[in-house]
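Q:
Number of protein chains: 2
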Amino acid sequence: MYTGKDHLRPALMTDLYQITMVAGYYLNRREAEATFELFIRSLPENRSYLVAAGLEQAVEFLLHLRFDDESVEFLRSLPVLAHLPDDFFGYLSKFRFEGDVWGVPEGTLVFPNEPILQIRAPLPQAQLVETFLLSLIHFQTLVATKASRVVQAAEGRGVIDFGTRRAHGPEAGVHAARAAFIGGCTGTSNVCAAKEFGIPAYGTAAHSWTLAFDSEQEAFEKYHAVFPDSTVLLVDTYDTMQGLRNAMSLGRKLKGVRLDSGDLLVLSREARRVLDEAGLRDTRILASGDLNEYKVKDLLQASAPIDLFGVGTEMVTSKDHPALAAVYKLVERQGPGEVIQRAKFSQHKETYPGRKQVWRSTSDEGAYGGDEIRMAEESPPRSSTGLLIPVLERGELRYRFPTLGAVRERVREALERLPPCYRRLESADTYPVTWSDELKRRFAEMRRVSVELPRGEQKDPRH
Amino acid sequence: MYTGKDHLRPALMTDLYQITMVAGYYLNRREAEATFELFIRSLPENRSYLVAAGLEQAVEFLLHLRFDDESVEFLRSLPVLAHLPDDFFGYLSKFRFEGDVWGVPEGTLVFPNEPILQIRAPLPQAQLVETFLLSLIHFQTLVATKASRVVQAAEGRGVIDFGTRRAHGPEAGVHAARAAFIGGCTGTSNVCAAKEFGIPAYGTAAHSWTLAFDSEQEAFEKYHAVFPDSTVLLVDTYDTMQGLRNAMSLGRKLKGVRLDSGDLLVLSREARRVLDEAGLRDTRILASGDLNEYKVKDLLQASAPIDLFGVGTEMVTSKDHPALAAVYKLVERQGPGEVIQRAKFSQHKETYPGRKQVWRSTSDEGAYGGDEIRMAEESPPRSSTGLLIPVLERGELRYRFPTLGAVRERVREALERLPPCYRRLESADTYPVTWSDELKRRFAEMRRVSVELPRGEQKDPRH
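Sequence lines, in order, name chains Y and G.
Residue numbers in the first sequence follow this note's numbering, run continuously in steps of one, and reach 498 at the last position.
Residue numbers in the second sequence follow this note's numbering, run continuously in steps of one, and reach 498 at the last position.
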């Protein structure tokens with residue numbers, strides 16, 4: 036990786052308990068198929084929908100997951116594992132993910148409790164991948180969701196991801212750029228994301244450029260000399276309005292100016308007025324500096340003449356809510372001759388049993404009307420689309436990933452179909468998601484049986 | 036990387052404007068040495084100090100920074116750069132970081148405006164590395180700081196990092212584990228971090244383990260059969276107190292139990308009482324589930340008999356403040372025959388000029404008394420230690436990195452030296468950091484000259 040050492044081994048980027056559990060399953064010969072579902076339990080304040088993202092990276096991980104010799108030797112050296120028999124470490128060396136995966140396509144709007152990913156594989160395999168899958172899907176979903184809110188607030192003006200420097204490390208910067216683009220951003224400043232994902236790259240100059248020359252005027256002229264067709268100048272290093280006048284000496288060659296501090300409403304109005312008076316109606320105004328969806332909305336409600344927003348920290352860290360309640364839960368497993376469904380009754384952390392499908396109903400006009408979560412084997416409700424589709428079959432790719440542009444377009448379209456009351460930036464209504472009667476019945480029955488059984492003998496009813 | 040493709044190229048994991056500025060500097064022959072400083076502008080609520088972290092990764096990045104052919108070709112393909120002359124791309128191909136770096140050793144407590152890193156290099160080199168350095172140092176400093184607060188709250192009980200799954204991607208999980216250990220954690224669940232950084236790895240089992248067997252009792256017995264010497268059981272899958280009794284059937288072999296939901300105060304008291312009554316005084320109680328420094332403090336103030344805390348999401352995302360105001364600013368550059376200092380006067384974003392040193396005064400008893408930021412060439416104040424030390428000289432490593440254990444010990448010791456009023460978890464006093472008179476004088480003079488100059492002619496006084 037960035038250190039020049041190939042030290043970040045994906046197979047080890049997990050919680051130790053995944054390895055201990057895999058050992059336990061393997062050594063107890065508990066390798067029958069199990070199904071796990073990844074979902075978000077609930078939404079924090081000021082989030083009323085989620086933009087699913089990260090599936091492509093999740094699948095690439097599953098396709099390439101291997102334990103190299105150095106990793107296996109390291110695991111063998113851990114005190115907690117050192118006593119385990121050789122054949123367990125041999126099992127790790129030969130490990131391949133051979134399961135089935137169903138997933139919600141990236142860019143789909145999802146809601147609490149709806150499975151985003153469904154893994155059916157031999158129990159140790161399905162268990163092992165939990166941490167990495169959660170990590171990838173949680174983060175991109177988090178940022179795509181936040182970005183879609185900023186983009187909504189910008190009402191058609193461009194939003195550019197400027198967040199790389201304050202994302203949680205270099206890799207997070209790249210994945211945040213991808214997720215932000217899915218959420219509707221116009222482009223990113225992140226060059227690596229531009230290269231890998233084909234996202235338009237944007238960039239101008241920093242304050243240091245201005246400080247590197249003897250005068251602001253000289254700095255602007257030198258920049259223009261090298262980039263005559265893409266001169267966007269940052270004008271607030273010393274005094275914003277004076278900086279603007281210095282930039283305007285380039286005349287019509289001045290593509291844009293960037294405001295990065297101060298009262299962006301006052302400054303953008305003043306800048307627009309001065310530019311227009313000089314006949315520079317095509318010179319665009321880009322605003323940046325700790326922006327988020329609320330500030331962008333306020334600026335535009337006050338008619339700030341801003342053409343483009345550069346949004347960084349708040350978007351790529353999802354600053355008001357930098358984490359979601361993403362979980363990965365066992366919902367059924369193959370027992371001897373029968374499928375055994377599992378539920379969890381921990382306080383506030385209940386899990387409904389069995390493999391599921393999410394059905395979204397749409398009106399004749401295409402508007403989303405609500406979702407119903409059913410058992411996978413239940414028949415579909417009328418006028419509904421199932422969100423989960425097959426992605427891997429026995430470890431082989433069965434899905435053709437759309438382009439990132441197509442994913443972004445899916446989000447745009449989905450948000451149009453989502454009635455406005457469910458996507459307001461604040462105090463949005465709760466989109467209706469219901470459990471099917473069958474699911475409710477089973478959950479209640481399993482809880483009843485669990486409670487009635489003699490203590491210590493919890494067993495779930497068989498399906 | 037984790038995709039099986041080596042697609043995350045460090046040299047490209049940056050903002051496009053770094054590349055355009057480097058091109059501009061190079062093509063304008065602006066390659067004289069410049070000094071940049073990386074610092075945190077201000078602290079958010081409930082942060083009164085920072086634990087510097089990430090220097091080792093930052094230095095590894097500088098030592099290994101290269102543009103491979105594919106990266107250079109990609110840059111050449113970008114519309115904004117396509118017109119640039121060949122020799123610029125040749126320059127990138129041969130790029131090496133050859134500058135001097137001073138840094139604050141990891142684990143040092145730092146405060147707003149104090150340089151954590153100081154880079155002196157030919158201007159394009161010093162500019163290019165900004166984004167990556169900020170990204171690395173900002174994130175680890177953020178998490179080490181948060182972790183040190185959680186560890187303080189735990190008052191000597193162990194704190195284990197459980198955050199990997201909700202860190203901002205897999206790499207963030209590894210770096211967060213490192214930073215959390217620096218901040219004082221006992222260990223981590225992250226296997227990769229354990230391997231790379233020698234951090235003790237901890238792990239037990241998840242709810243899925245319990246759900247994978249026909250009864251909780253069976254699940255516990257099977258786990259114990261594989262891990263007879265390290266059996267810590269998660270007891271809240273169905274009913275916590277019943278789960279505890281099931282676990283207790285192992286007798287003295289039960290190393291510990293983990294509580295992950297419900298009222299941790301009530302449950303831990305009840306669990307301790309039941310364990311003690313059964314003579315299992317050595318069985319430890321581990322608590323987890325959305326913990327942070329405030330919850331840990333409240334639990335211990337109420338005398339919750341918890342021996343170990345597993346802390347995840349809140350710590351690795353620094354959830355209450357997932358970003359700091361980390362910046363990287365040009366402070367001086369070599370002009371023809373003289374050093375030219377630079378300052379920035381943007382509203383709320385002022386930058387003081389010139390290379391600096393941070394002097395920390397200590398009382399006879401070793402307590403920190405306050406810091407003074409001076410020009411690098413000013414003489415040291417009495418009884419003070421300079422925090423910045425040389426790390427790279429002309430691109431060569433001149434520093435021997437301490438072990439991570441030594442870094443962690445440095446934090447522990449530093450927090451003891453920091454008077455308690457400056458490290459309270461809430462409403463702490465502001466630790467005194469002052470600018471030297473000389474620095475204040477220069478900044479004021481530069482601002483005066485800047486304002487008095489005819490508009491458009493901002494020049495700074497020469498040093």
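Beta carbons: idealized from backbone N, C-alpha and C, even for Gly.
Where does E312 of chain Y land, buried or exposed, given buried means 16+ other C-beta within 10 angstroms?
A: When all chains shown are included, E312 of chain Y counts as exposed.
Q: Between the Cα of L90 of chain Y and the Cα atoms of Y:E448, Y:R213, Y:K181, Y:H118, which residue gives the shortest distance?
A: Checking every option, the nearest Cα to that of L90 of chain Y belongs to Y:R213.
Q: Using a Cβ-Cβ distance under 8 Å, would E66 of chain G count as near chain Y?
A: Not an interface residue.
Q: Would you give the residue range spanned by the beta strand (DSSP E) that N294 of chain G belongs to?
A: Inspection of the sequence shows that residue 294 of chain G is occupied by Leu rather than by Asn. Counting along the chain, the beta strand (DSSP E) containing L294 of chain G begins and ends at 289 to 294.
Q: Terminal residues of the continuous beta strand (DSSP E) containing P425 of chain Y?
A: Counting along the chain, the beta strand (DSSP E) containing P425 of chain Y begins and ends at 424 to 428.
Q: With C-beta atoms as the reference, is A236 of chain G less than 8 Å away from G222 of chain G?
A: In contact: A236 of chain G and G222 of chain G (Cβ atoms closer than 8 Å).
Q: Which value, in whole angstroms, describes the spacing of the CA atoms of R395 of chain G and L422 of chain G?
A: Taking the straight line from one Cα to the other gives about 7 Å.
Q: Taking only beta-carbon atoms, is V115 of chain Y less than 8 Å away from chain G?
A: So, interface residue.
Q: Check whether the Cβ of G193 of chain G lies closer than 8 Å to any Cβ atom in chain Y.
A: Output row for G193 of chain G: interface = no.
Q: Could you give the distance in angstroms between the alpha-carbon of D298 of chain G and the alpha-carbon of T245 of chain G?
A: Computed Cα separation, rounded: 21 Å.
Q: So, for E492 of chain G: in the same chain, excluding its five sequence neighbours on each side, which residues have a beta-carbon less than 7 Å away from its beta-carbon?
A: Any reading at E492 of chain G must be qualified, since the residue scores a pLDDT of 45, below 50, and its modelled position is unreliable; no value is offered.
Q: Please compile the residues from chain Y whose C-beta is within a distance smaller than 8 Å of the C-beta of K354 of chain G.
A: Chain Y residues near K354 of chain G: P357, A358.
Q: Opposite L365 of chain Y in the DSSP bridges: which residues?
A: Answer by DSSP bridge pairing, in chain order: Y:F71.
Q: Assign L323 of chain Y to one of two classes, buried (16 or more other C-beta atoms within 10 Å of its C-beta) or exposed (fewer than that).
A: Leu is not the amino acid found at residue 323 of chain Y; the sequence shown has Ser there. When all chains shown are included, S323 of chain Y counts as buried.
Q: Per DSSP, G370 of chain G is paired with what?
A: Its beta-bridge partners are G:E373.
Q: Does the beta-carbon of T420 of chain Y have 16 or more other beta-carbons within 10 angstroms, so that it is buried, or is it exposed?
A: Exposed, since its Cβ has fewer than 16 Cβ neighbours within 10 Å.
Q: For N225 of chain Y, return the contacting residues in chain G, with the cut-off set at a CB-CB distance below 9 Å.
A: Within 9 Å Cβ-Cβ: L47, M48, T49, D50, L51, T166.
Q: Spell out whether any CB of chain Y is found under 8 Å from the CB atom of P120 of chain G.
A: Taking Cβ atoms only, chain Y never reaches closer than 8 Å to P120 of chain G, which makes this a no.
Q: Under DSSP, the alpha helix (DSSP H) around K257 of chain Y begins and ends at which residues?
A: Start and end: 251 to 261.
Q: Check this for me: beta carbons of G142 of chain Y and V442 of chain Y, under 8 Å apart or not?
A: The answer is yes: Cβ separation under 8 Å.
Q: I believe L171 of chain G touches P425 of chain Y by the beta-carbon criterion, under 8 Å. Please report the beta-carbon distance rounded to the nearest angstrom.
A: Not confirmed; about 39 Å, so no contact.
Q: Give the secondary structure of E492 of chain Y by DSSP, where H, G and I count as helix, E and B as strand, and everything else as coil.
A: Bear in mind that a pLDDT of 45 at E492 of chain Y, under 50, signals an unreliable position, so the number given afterwards is only what the model happens to contain. DSSP places E492 of chain Y in coil when its eight states are reduced to three.
Q: Since I believe A182 of chain Y is in contact with G218 of chain Y (beta carbons under 8 Å), could you give me their beta-carbon distance rounded to a whole number of angstroms?
A: Indeed, because the Cβ distance is near 3 Å, the residues count as touching under 8 Å.
Q: Determine the closest residue to L359 of chain G out of G:L169, G:V185, G:G404, G:Y273, with distance taken between C-alpha atoms.
A: It is G:L169.
Q: Short check: CB of G238 of chain G to CB of D342 of chain Y, under 8 Å?
A: No, these two residues do not count as a Cβ contact at 8 Å.
Q: Hey, how far is the Cα of P340 of chain G from the Cα of A449 of chain G?
A: Near 28 Å, if we compare the C-alpha coordinates of A449 of chain G and P340 of chain G.
Q: Using a Cβ cut-off of 7 Å, pull out every chain Y residue sitting near R271 of chain G, in sequence order please.
A: It should be pointed out that residue 271 of chain G corresponds to Asp in this sequence rather than to Arg. Chain Y residues near D271 of chain G: S381.
Q: Taking the DSSP output, what are the residues bridged to I195 of chain G?
A: G:G222, G:G345.
Q: Let me see if you follow: with CB-CB separation under 8 Å, is A189 of chain G close to chain Y or not?
A: No, because no Cβ of chain Y sits closer than 8 Å to the Cβ of A189 of chain G.
Q: Please tell me whether, using a cut-off of 7 Å, the distance from the CB of V468 of chain Y to the nearest non-hydrogen atom of the ligand MG is below it.
A: With respect to the ligand MG, the structure offers nothing, as it holds no ligand at all.
Q: Going by C-alpha to C-alpha distance, which of Y:F436, Y:P455, Y:Q336 sits closest to E95 of chain Y?
A: E95 of chain Y has its Cα closest to that of Y:F436, out of Y:F436, Y:P455, Y:Q336.
Q: Using 10 angstroms around the beta-carbon of D196 of chain G, count the other beta-carbons present and answer buried if the total reaches 16, otherwise exposed.
A: Buried, since its Cβ has 16 or more Cβ neighbours within 10 Å.
Q: Report buried or exposed for S485 of chain G, applying the criterion of at least 16 other Cβ atoms within 10 angstroms of its Cβ.
A: Classification for S485 of chain G: buried.
Q: Once DSSP output is grouped into helix, strand and coil, what is the label at P45 of chain G?
A: If DSSP states are grouped into helix, strand and coil, P45 of chain G belongs with the helices.
Q: Please work out which residues of its chain come closer than 7 Å, Cβ to Cβ, to F167 of chain Y, disregarding the five sequence neighbours upstream and downstream, and give them in chain order.
A: Excluding residues within five positions, the ones whose Cβ falls inside 7 Å are P45, M48, T49, F96.
Q: I want to see whether chain G comes within less than 8 Å of G345 of chain Y, judged by CB atoms only; does it?
A: No, G345 of chain Y lies away from the interface with chain G (no Cβ there is under 8 Å from its Cβ).
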